[in-house]
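Please read the structure below before turning to the comments.
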Amino acid sequence: MTRKLVAAAALVLLPGVLSVAAPASAQEPAQREIAGPHGLSTLGTQGWQVLTTANVKDGGDKVSTPGYATRGWLPVKPDDAGAPGTEINALVQNGKCPDVFYSDNMRKCFGYVDKLGPVVTKPFSDPWWYRTDFTPDFRPGQHAKLTIPGIVGEGDVWVNGKLIATRDVVSGAFAGHTFDVSKLVKPGKNTLAIKVYPNDPLKMYTLDQVDWGQIPPDNNTGIQFPPTLQVGDALTGDNAHVVQDNAPDLSSSKLTVKVDVTNDAATPQAGDVAATITAPSGPPIVVHQRVTIPANTKRTVMFAPVKVVKPRVWWPYSMGDQPLYTLTTAVSQDGVLSTSSKSTFGIRTVTSRLVGKSAPLPEGARQFTINGKDFVFRGGGFAPDLFLRYDSADTAHQIALIKNLGLSGVRLEGHDMPQDFYEQADRAGLLVIGGFLCCDAWQPEDTSTLTERDYRIMHDSAYTIAQMERNHPSVFNYGWSDNEPVPRQESETLKAFKEADFQVPVIASAEYKSTPTLGQSGEKEGPYDWVPPSYWYDSSHFDADDSSRTNAGGAWGFASEQSAGHTVPTLDSIKRFLSPAEQAKLWQDPAYNQYHANFEPGHGGYKFGTLYTLDQSITQRYGKWNSLKSYVDLANIANYENTRSQFEAFLHHSTDQANPATGVVYWQLNKGWPTLLWSLYNDDGDQAGAYFGAKKANKPLHAIYGYDNGSVTLDNLGAGTQSGLSVQARVLDTAGKVLDDQTASGLSLGSQGVKTGVLKPKVPAETKAPAPAQVYFVELQVKQGGKVVDRNVYWLSTQKDVVDWGKTLGNPQATLSQYANLQALQNLPKSQVSAVASTRSHGGDLVSTVTVTNTSKTPGAAFFLRADVRRGTPDGREGPGDNQLANATWDDNDITLWPGQSQTLTVTYKASDLRGAVPVISVDGFNTGRLVVKAAGGYGHHGDAAVAPQIEGFRE
Numbered sequence: 004m005t006r007k008l009v010a011a012a013a014l015v016l017l018p019g020v021l022s023v024a025a026p027a028s029a030q031e032p033a034q035r036e037i038a039g040p041h042g043l044s045t046l047g048t049q050g051w052q053v054l055t056t057a058n059v060k061d062g063g064d065k066v067s068t069p070g071y072a073t074r075g076w077l078p079v080k081p082d083d084a085g086a087p088g089t090e091i092n093a094l095v096q097n098g099k100c101p102d103v104f105y106s107d108n109m110r111k112c113f114g115y116v117d118k119l120g121p122v123v124t125k126p127f128s129d130p131w132w133y134r135t136d137f138t139p140d141f142r143p144g145q146h147a148k149l150t151i152p153g154i155v156g157e158g159d160v161w162v163n164g165k166l167i168a169t170r171d172v173v174s175g176a177f178a179g180h181t182f183d184v185s186k187l188v189k190p191g192k193n194t195l196a197i198k199v200y201p202n203d204p205l206k207m208y209t210l211d212q213v214d215w216g217q218i219p220p221d222n223n224t225g226i227q228f229p230p231t232l233q234v235g236d237a238l239t240g241d242n243a244h245v246v247q248d249n250a251p252d253l254s255s256s257k258l259t260v261k262v263d264v265t266n267d268a269a270t271p272q273a274g275d276v277a278a279t280i281t282a283p284s285g286p287p288i289v290v291h292q293r294v295t296i297p298a299n300t301k302r303t304v305m306f307a308p309v310k311v312v313k314p315r316v317w318w319p320y321s322m323g324d325q326p327l328y329t330l331t332t333a334v335s336q337d338g339v340l341s342t343s344s345k346s347t348f349g350i351r352t353v354t355s356r357l358v359g360k361s362a363p364l365p366e367g368a369r370q371f372t373i374n375g376k377d378f379v380f381r382g383g384g385f386a387p388d389l390f391l392r393y394d395s396a397d398t399a400h401q402i403a404l405i406k407n408l409g410l411s412g413v414r415l416e417g418h419d420m421p422q423d424f425y426e427q428a429d430r431a432g433l434l435v436i437g438g439f440l441c442c443d444a445w446q447p448e449d450t451s452t453l454t455e456r457d458y459r460i461m462h463d464s465a466y467t468i469a470q471m472e473r474n475h476p477s478v479f480n481y482g483w484s485d486n487e488p489v490p491r492q493e494s495e496t497l498k499a500f501k502e503a504d505f506q507v508p509v510i511a512s513a514e515y516k517s518t519p520t521l522g523q524s525g526e527k528e529g530p531y532d533w534v535p536p537s538y539w540y541d542s543s544h545f546d547a548d549d550s551s552r553t554n555a556g557g558a559w560g561f562a563s564e565q566s567a568g569h570t571v572p573t574l575d576s577i578k579r580f581l582s583p584a585e586q587a588k589l590w591q592d593p594a595y596n597q598y599h600a601n602f603e604p605g606h607g608g609y610k611f612g613t614l615y616t617l618d619q620s621i622t623q624r625y626g627k628w629n630s631l632k633s634y635v636d637l638a639n640i641a642n643y644e645n646t647r648s649q650f651e652a653f654l655h656h657s658t659d660q661a662n663p664a665t666g667v668v669y670w671q672l673n674k675g676w677p678t679l680l681w682s683l684y685n686d687d688g689d690q691a692g693a694y695f696g697a698k699k700a701n702k703p704l705h706a707i708y709g710y711d712n713g714s715v716t717l718d719n720l721g722a723g724t725q726s727g728l729s730v731q732a733r734v735l736d737t738a739g740k741v742l743d744d745q746t747a748s749g750l751s752l753g754s755q756g757v758k759t760g761v762l763k764p765k766v767p768a769e770t771k772a773p774a775p776a777q778v779y780f781v782e783l784q785v786k787q788g789g790k791v792v793d794r795n796v797y798w799l800s801t802q803k804d805v806v807d808w809g810k811t812l813g814n815p816q817a818t819l820s821q822y823a824n825l826q827a828l829q830n831l832p833k834s835q836v837s838a839v840a841s842t843r844s845h846g847g848d849l850v851s852t853v854t855v856t857n858t859s860k861t862p863g864a865a866f867f868l869r870a871d872v873r874r875g876t877p878d879g880r881e882g883p884g885d886n887q888l889a890n891a892t893w894d895d896n897d898i899t900l901w902p903g904q905s906q907t908l909t910v911t912y913k914a915s916d917l918r919g920a921v922p923v924i925s926v927d928g929f930n931t932g933r934l935v936v937k938a939a940g941g942y943g944h945h946g947d948a949a950v951a952p953q954i955e956g957f958r959e
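When you line the sequence shown up against the working numbering, it's residues 4 to 959, in that order.
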């Protein structure tokens, strides 16, 4: 684009529109549109050279010289955020550890770390050089500013043979710093070199993996956000943003544009600052201001507020649309453009308050409100790639999985993401909870050890975080983790947030803690290991001696992180990352420390490296297994039952005004590598029982059976009112005999509405061991206009799970005095199903539907039917090897059907994932055989015999 830009001399305000009159000296009649950032470039887009200093004898004065010989260095391509990433990423890019996430390859290649702390393994315990060349659009007389947006570790920064800043300044993963390099940068090739010192998360304000999985031996040392260079004339602009002042009813919004303008010259400089606010539709709003900036000074230019009447309001995806406004700014002198910026923002109001004072929560629970509407936040703890490699397409896929789950959003604990992540979340309507890490330097235990440097880094980190996230409507609160901040940590952070105009609620802690300034957090944490499904429905048990309310995880208050622990993936996924020996250990040795759990051996307390507690519960509740497949089947059923219960309990109790459930964050949503611990979906996109249990609970229109009182709750988590609803509840025994059948009709619910006490099915009487237990099913169906819109099936026992609260409270797992007895499920009558499938194109994707029907002549259920789309052969059989399309997205799965019942499942996937194969769909049930149907036709295969669409399968 041309650098000529007409400057403004007068400002004229008209109703709803701001326009400008051009000065007499202007040579062009109109302002030119600013298409994108002018004068700003990302460094390293052509690649980096990376190597340990142990192999480099020269210092920064030579390494940062253009033309320096880098033969033997590791060439590194930047990720989709533009950053070179970690030291291990550099090695992996260069083939140093093929299939690094398979089995314990990472340990074999790079060593093993079993606790947080300094880097102790070679070659990572030495500093590493990160070096890149750049050729800026720079001419003599211009000014150049280098921004280092943080280092995971610390760094000495060199440009063209000169030291710009040392590690004393450049420290912290999120502490950005800008340096004037005008006297060093030249036309042609230039070089930036950063000597990156090893990350020590116990002493540096960086990031780490806590106990979420294995700790990369380099401690994620490296560069996760790319350095940038701004080139401009005497006057340059940056830090452009909009401050909102919204009417309580959002009928109007006053928008104040701010731009920092810097004069890098030795004399005062006059110039023009222009800003344009472009609505999703309609004419743009343009404001201009003539400014004079003193020599070597930065000033914030603030425009008069612009009132927007009836603004387009941004909502979370389940509550409305996601319109985004665009802000562009330009700084010019004498009609010549120096710098410009472009960003988006959404108009919305976020508030929070404490509600429902109770014995467990004497000051109340944290309630969040979006645009005046209360809602129950339901989310999961998000983890980035283990080596901090950012992939835009992978983010898009994960957001699709999260929305398919029906979750409100994610929590980012100490892992603030690149801009693209937030931009995608903005467009998707996905909410983001931001916050600092626990268990490391961010959580100081002894303030006497803190220095002025520490507080400076805290301030600078908070300021940079606020700059990165303030424009994004998806970010709706920010806070601390386990502990509340120490006083000056809090004041420095809040000062920085205010300086940066970060307009979100700030929460003192993820536990029930407070500060005099921020007040009570209203949140709680835990448990983290196995608890029974009924545990989540508890609303009365807590440890009165623990004011933090940790590991009192029933559905009351706002649970900032909690789950029942380990997740067992599908067999397809397991075979991708566990070795045969690890697979054998998975079903044969519960006490084995699985590398893909974490580094904490043993079980009980805060030891999560084995699946012992989960396995014990499966054995007690469901019975024994005799193979890897039978173990995986039972574990998926158990995971489904538990994740569904956790989310449903918080919805079921959300209307309890005396002790309300206001939100829950499942710990965790995902991992940055293949995992057996805390996840709803796996790194390969695999969606096992845990995923579909959570998805069932979070359906937009849904009926819930309460484990606490046996009543049915109906919720509407969508954006509009739903009416003409009915709920049918049937109770059946394992032989298929109907024990009770009730229907409630004429129901309606507003957006985010929850109605309790809709029905109370009559279920078999409770029994106590050693009396024989009876297993039964409760089937709930929601109909609208005669069409089934929700099916939800529970498997229950007359012998209930009984928590020993005296031994459970204070611990991250439950101790039971009695386990529910569901072992009769292993003796369900054999059942038969058929399947018919078809496929169509939809945009760049394929959409297959498969209608599964229970064709049994006997009345029993076809239990826990799992469908997968697979790469098949032209005649409709499964292809060889790993044939599952793990990234396929299903609208439902793991279903249960009685004779004569059918359900149509829909799956969406990319045609390229078929790799030229024919799509086939397998259906496998707990008490049925496996069948395969050709998705493009109607024929299936059981064994080697081709049969007609009505296929009867038996469990092998």
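Ideal Cβ positions, reconstructed from N, Cα and C, are used throughout, including at glycine.
- Spatial neighbours of ALA864 in its own chain (CB-CB distance under 6 Å, excluding positions within 5 residues in sequence) are listed in chain order as THR899 and TRP901.
- The count of Cβ pairs closer than 8 Å, one atom from the region 449-468 and one from the region 508-518, stays below three, leaving the stretches out of contact.
- Non-local beta-carbon contacts of PHE141 in its own chain, meaning distances under 8 Å to residues more than five positions away in sequence, involve ALA147, VAL188, LYS189, PRO190 and VAL234 in chain order.
- Nearest in C-alpha terms to TRP893, of all of GLU782, LYS702 and ASP807, is LYS702.
- Of the candidates LYS627, GLY285 and TRP670, the residue whose Cα lies closest to the Cα of ALA693 is TRP670.
- For the 8 Å CB-CB criterion, GLN802 and TRP533 do not form a contact.
- Distance from the CA atom of PRO69 to the CA atom of LEU195, rounded to whole angstroms, is 9 Å.
- DSSP places GLY156 in the strand class (E or B) of the three-state scheme.
- Contact between the region 331-351 and the region 234-244 is present: three or more C-beta pairs spanning the two stretches fall below 8 Å.
- Counting other Cβ atoms within 10 Å of its Cβ, ASN163 reaches 16 or more and is therefore classed as buried.
- The continuous stretches of beta strand (DSSP E) do not include TRP483, and DSSP gives it neither H nor E.
- MET305 sits exposed, since fewer than 16 C-beta atoms from the chains shown fall within 10 Å of its C-beta.
- Taking C-alpha positions only, ASP159 is separated from LEU415 by approximately 29 Å.
- Residue state for MET420 is assigned as coil, using DSSP reduced to three classes.
- Under a 10 Å Cβ-count criterion, VAL921 is classified as buried, with 16 or more other Cβ atoms of the shown protein chains found around its own Cβ.
- For the 8 Å CB-CB criterion, TYR598 and GLN217 form a contact.
- About 5 Å separates the CB atoms of GLU526 and PHE561; that is less than 8 Å, so the two are in contact.
- The region 848-914 contains, as complete beta strand (DSSP E) runs of 3+ residues, the segments 848-857, 865-875, 898-900 and 905-913 (chain order).
- LEU783 and ARG794 have their C-alpha atoms spaced approximately 6 Å apart.
- A straight line joining the alpha-carbon of ASP117 with that of GLU603 spans about 7 Å.
- With respect to the 8 Å criterion, TRP131 and VAL173 are not classified as neighbours on the basis of their beta carbons.
- If only uninterrupted beta strand (DSSP E) runs of at least 3 residues are considered, those enclosed by the region 643-682 are 664-669.
- Taking the CA atoms as reference points, LEU119 sits about 11 Å from ASP221.
- DSSP, read as helix, strand or coil, puts GLN745 in strand.
- By the criterion of at least three beta-carbon pairs nearer than 8 Å, the region 405-415 is not in contact with the region 57-77.
- When beta bridges are read from the DSSP output, ARG414 appears opposite GLY384 and ILE436.
- The alpha carbon of PHE380 has as its nearest neighbour, out of GLN755, GLY557, GLU90 and ALA268, the alpha carbon of GLN755.
- By the CB criterion at 8 Å, GLY85 and PRO319 fall outside the cutoff.
- Contact between the region 712-730 and the region 843-858 is absent: fewer than 3 CB-CB pairs across the two stretches fall below 8 Å.
- Per DSSP, the unbroken beta strand (DSSP E) holding ASN795 starts and ends at 790-800.
- Bridge partners of VAL246 according to DSSP: THR259.
- The beta carbons of SER321 and LEU589 sit no closer together than 8 Å.
- With fewer than 16 other Cβ atoms inside 10 Å of its own Cβ, TYR609 counts as exposed.
- Contact between THR613 and ASN596 holds, with the beta-carbon distance rounding to 6 Å and staying under 8 Å.
- DSSP places GLN784 within a strand segment (E or B) once states are collapsed to three.
- For LEU404, no beta strand (DSSP E) encloses it; the enclosing alpha helix (DSSP H) starts and ends at 395-408.
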